[in-house]
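Numbering (this note's numbering), first residue to last: 201 to 311.
Cβ coordinates follow ideal geometry from the N, Cα and C atoms, glycine included.
Just so we're clear, the structure is a prediction, and the values are computed from it rather than from any experiment.
Worksheet: the structure to be examined is printed underneath.
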């Protein structure tokens, strides 16, 4: 009889370890998915914030000077536009002095 109880106890112990591992992995996976989702949302909002900042600088330049800036560097020098150039690529394509330039912002690193 004692042999039967020992085997049952070992089976119960192994089963408890497996259940604990599965629960831990599920919780870890949910936590990881939550962090990934939050990071993606933060990235989207930071790109939108940069888009708004560039557009405001361009509009301010047009309002003060009567023409759109010829380059992004002009906005950096005269209107205080700052952003992390290692994280974002800003494609600034002026079309004309009185036509809003084409502005495209992308996150560097393939994201």
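- Cα separation between residue 254 and residue 231? Position 54 of the chain shown, counted from the first residue, corresponds to residue 254. Position 31 of the chain shown, counted from the first residue, corresponds to residue 231. Each residue's Cα considered, the two are about 35 Å apart.
- Hey, could you find the ends of the alpha helix (DSSP H) residue 283 is sitting in? Position 83 of the chain shown, counted from the start, is the residue given in the question as residue 283. No alpha helix (DSSP H) contains residue 283, which DSSP labels as neither H nor E.
- Query: Do residue 305 and residue 288 have their C-beta atoms within less than 7 Å of each other?
  - Reply: Your numbering for residue 305 matches position 105 in the chain shown. Your numbering for residue 288 matches position 88 in the chain shown. Contact flag set, yes.
- Query: For residue 233, which of helix, strand or coil comes out of DSSP?
  - Reply: Locating residue 233 in the chain shown gives position 33, counting from the first residue. Of the three classes helix, strand and coil, the one that applies to residue 233 here is helix, per DSSP.
- Nearest-angstrom beta carbon gap, residue 297 and residue 267 [assumed within contact, 8 Å]: One-based indexing of the chain shown puts residue 267 at position 67. One-based indexing of the chain shown puts residue 297 at position 97. Correct: roughly 4 Å between the Cβ atoms.
- Exposed or buried, what is residue 213 when buried is set at 16 or more other beta-carbons lying within 10 Å of its beta-carbon? Here residue 213 corresponds to residue number 13 of the chain shown, with the count starting at 1. Flag for residue 213 reads exposed.
- Query: Just reading off the beta strand (DSSP E) that residue 303 is part of, what are its end residues?
  - Reply: What you label residue 303 is simply residue 103 of the chain shown in a count that begins at 1. Its beta strand (DSSP E) spans residues 302-307.
- Sorted by chain position, which residues of the same chain lie with C-beta nearer than 6 Å to residue 247's C-beta, five sequence neighbours on each side aside? Against the chain shown, residue 247 aligns to sequence position 47. Hits under 6 Å: 305.
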